[in-house]
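Participant:
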Amino acid sequence: MKTVKDRKYKAICKELGLEFVPLVFETYGRLGKRMVEFLTTVVNHVASRVRGGEDFPVVQGRLMQQYFKILSCTLQRFVAANVLSSIHSRRGRRGPFQAEPLLARDVAAFSVPGTQGAGGANGE
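Everything in the sequence shown is counted per my numbering, starting at 3 for the first residue and increasing by one.
Here it is as structure tokens:
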């Protein structure tokens, strides 16, 4: 999956002057290596901006722990929503658990006009 995402999005991001990092979870929820590197970079940046009496490693550790908890809960929530939506879908109904595609909405704001049909913000 990572190479598919790299092929699809890396060149687009490079044209925009951005770095593309595929945020990949393994089947059982373990974070991919590049995702851990990305989170470490984010945590280092945030921790360097924190002012207070705590040491940098303490702040860094707390932030990383908090981000892992947030990601874990978010992943579990969306897996549950997908399972429940699948049950409703098999019954021919739209389930109340289908989450709004947040990423698609955000990416659509930056999409090039006329490209929606060719993959667009929702396509893989």
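Think of the CB as a built atom: it goes at the ideal place given N, C-alpha and C, for glycine as much as any other residue.
Figure out for me which residue from 24, 33 and 10 has the closest Cα to the Cα of residue 141.
Facilitator: Residue numbering for the chain in the displayed model covers 3 to 126; residue 141 lies beyond these limits and cannot be assessed.
Participant: Should the region 55-73 be called in touch with the region 35-45, which here means at least 3 C-beta pairs below 8 Å?
Facilitator: Because the criterion of three Cβ pairs below 8 Å is met, the region 55-73 and the region 35-45 touch.
Participant: Can you tell me which of 59, 54 and 85 puts its alpha carbon nearest to the alpha carbon of residue 45?
Facilitator: Numbered from its first residue, the sequence shown carries residue 45 at position 43. Among 59, 54 and 85, the Cα nearest to that of residue 45 is on 59.
Participant: Using alpha carbons as the reference points, say which of 66, 25 and 47 lies closest to residue 7.
Facilitator: In the sequence shown, counting from the first residue as 1, residue 7 sits at position 5. The shortest Cα separation from residue 7 among 66, 25 and 47 belongs to 25.
Participant: Give every residue of the same chain whose Cβ lies closer than 7 Å to the Cβ of residue 49, excluding the five residues on either side of it in the sequence, and list them in chain order.
Facilitator: Along the sequence shown, read from residue 1 onward, the residue named residue 49 stands at position 47. Taken in chain order, the residues that qualify are 58, 61, 62 and 65.
Participant: Taking the C-alpha atoms as reference points, what is the distance between residue 83 and residue 31?
Facilitator: The residue labelled residue 83 in the question sits at position 81 within the sequence shown. The residue labelled residue 31 in the question sits at position 29 within the sequence shown. Residue 83 and residue 31: Cα-Cα distance of roughly 16 Å.
Participant: Measure the alpha-carbon distance for residue 105 versus residue 54 and round it to whole angstroms.
Facilitator: Start at 1 with the first residue of the sequence shown, and residue 105 comes out as number 103. Start at 1 with the first residue of the sequence shown, and residue 54 comes out as number 52. Bear in mind that the predicted position of residue 105 carries a pLDDT of just 49, short of 50, making it too unreliable to give a figure here.
Participant: Measuring only the C-alpha atoms, how far is residue 92 from residue 52?
Facilitator: Counting from 1 along the sequence shown, the entry for residue 92 is found at position 90. Counting from 1 along the sequence shown, the entry for residue 52 is found at position 50. About 49 Å.
Participant: Taking all protein chains shown into account, decide if residue 81 is buried (16 or more other Cβ within 10 angstroms of its Cβ) or exposed.
Facilitator: Position 79 of the sequence shown, counting from 1, holds the residue named residue 81. The residue in question, residue 81, is exposed, as its Cβ has fewer than 16 Cβ neighbours within 10 Å.
Participant: Suppose you measure from the CA of residue 79 to the CA of residue 89; what does that come to, to the nearest Å?
Facilitator: Residue numbering aside, residue 79 sits at position 77 when the sequence shown is read from its first letter. Residue numbering aside, residue 89 sits at position 87 when the sequence shown is read from its first letter. Each residue's alpha carbon lies about 16 Å from the other.
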